[in-house]
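Notes for the one structure printed next.
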Amino acid sequence: MTEFTAVASGLRFPEGPVAMPEGSIILVEIEAGRITRVALDGTKTTVAEPGGGPNGLAIGPDGKLYCCNNGGFAWREANGFLTPHGQPDNYSGGRIERIDIATGAVEILYKDGDFGCALRGPNDIVFDSLGGFWFTDHGKSRDRDRARDITGIFYAKADGSHLEEVIFPSENPNGIGLSPDGTRLYAAETFTCRLMAFDIVAPGKVASASGTPLYRPAGYKFFDSLGVEACGNICVATIGECGISVISPAGELVEFVATDDVFTTNICWGGADMMDAYITCSGSGRLVQTRWKRPGLKLAY
0 MTEFTAVASG LRFPEGPVAM PEGSIILVEI EAGRITRVAL DGTKTTVAEP
50 GGGPNGLAIG PDGKLYCCNN GGFAWREANG FLTPHGQPDN YSGGRIERID
100 IATGAVEILY KDGDFGCALR GPNDIVFDSL GGFWFTDHGK SRDRDRARDI
150 TGIFYAKADG SHLEEVIFPS ENPNGIGLSP DGTRLYAAET FTCRLMAFDI
200 VAPGKVASAS GTPLYRPAGY KFFDSLGVEA CGNICVATIG ECGISVISPA
250 GELVEFVATD DVFTTNICWG GADMMDAYIT CSGSGRLVQT RWKRPGLKLA
300 Y
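Residues in the sequence shown are numbered consecutively from 0, following numbering that gives the first Met the number 0.
See below:
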């Protein structure tokens, strides 16, 4: 049984953890519309307050944070457990934001309608080695209309000059990542609970928008965000089974690392050897840490 250490608690649905060089973790609190830095002693400080629903985070080539903002969720809370629930009445629109870590200044880099693209609920983000980034749009569900958005996977440039929907349709994509050599794009679909793989043939281009289904677990489960190990394994946060599914590039389950939160949503790695794993236990509002069996992949920036 994997042992976890609680780094911080009282977070409002944490997601999108980013390990910083000095050892802190910057993450989002989706329900609070806030981006927070968590020191190793658990101290929390606010980095920025973009509002809406800040979701995925990544450091860009300019050292700033790039944030997928899903525009907000409606929420249910019972017995100290927080759950997102569809599109809220105050939904503020999907967008990509650029955030100055030092000042907290928030700039909208891309919004719904830019370059002819529909941004409903941007979710997760990963930069390639050339300074461009891929991101998923998970869309929104509207119970009263019995409707759910059909969305896709996008590629954009960090200077605001290019936004393109490369993969459409995609089945409610959530987590996204790149293979260590940058030639393969991975996307986790939530409701279908599939891990998809796409061959990258040029910056922002894939061989086929259909992709290849790589792995799907049995049972009633959902995939959330993901991280990639240095050896190429894909670590997908798995809702319903409570933990992280570690999947090989060949599509085999390497192991399942169990947690105690049904809304285990994301993982990142830090430390000198990249074997300190940080996991967001979102429903219970915690960031936990454990020593991983293998090092995580060092991200582009």
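Note that beta-carbon positions come from the ideal geometry of N, C-alpha and C, so glycine has one too. Source: prediction; values computed, not measured.
Closest by C-alpha distance to A7, out of L252, P202, G22 and D40, is D40.
Annotation: the continuous beta strand (DSSP E) that includes V165 extends over L162 to S169. In terms of Cβ geometry, P16 and L81 do not form a close pair [threshold 9 Å]. Q86 is not bridged by DSSP to any residue. In this structure, the straight-line span from the alpha carbon of A47 to that of R290 is close to 29 Å. Only residues of its own chain outside the window of five on either side were considered, and among them C116, G151 and F153 have a CB closer than 7 Å to the CB of E164, listed in chain order.
Excluding residues up to 5 positions away in sequence, V245 lie with their Cβ nearer than 7 Å to the Cβ of E254 in the same chain.
Across the set F190, L10, P121 and I24, the C-alpha of F190 shows the shortest separation from the C-alpha of A217. Following the DSSP letters along the chain, one finds E254 inside the beta strand (DSSP E) bounded by residues L252 to A257. The beta carbon of C230 sits closer than 7 Å to those of R293, all from its chain and outside the five residues before and after it, given in chain order. Assigned with DSSP and collapsed to three states, G131 falls in strand.
Taken through DSSP and simplified to helix, strand or coil, R143 comes out as helix. By DSSP's assignment, E188 forms a beta bridge with P172 and R193. Note on H84: under 16 other CB atoms within 10 angstroms of its CB, so exposed under the neighbour-count rule. Between the alpha carbons of L26 and E188 lies a gap of roughly 22 Å. Closest by C-alpha distance to W133, out of P87, T42, T182 and A146, is T182.
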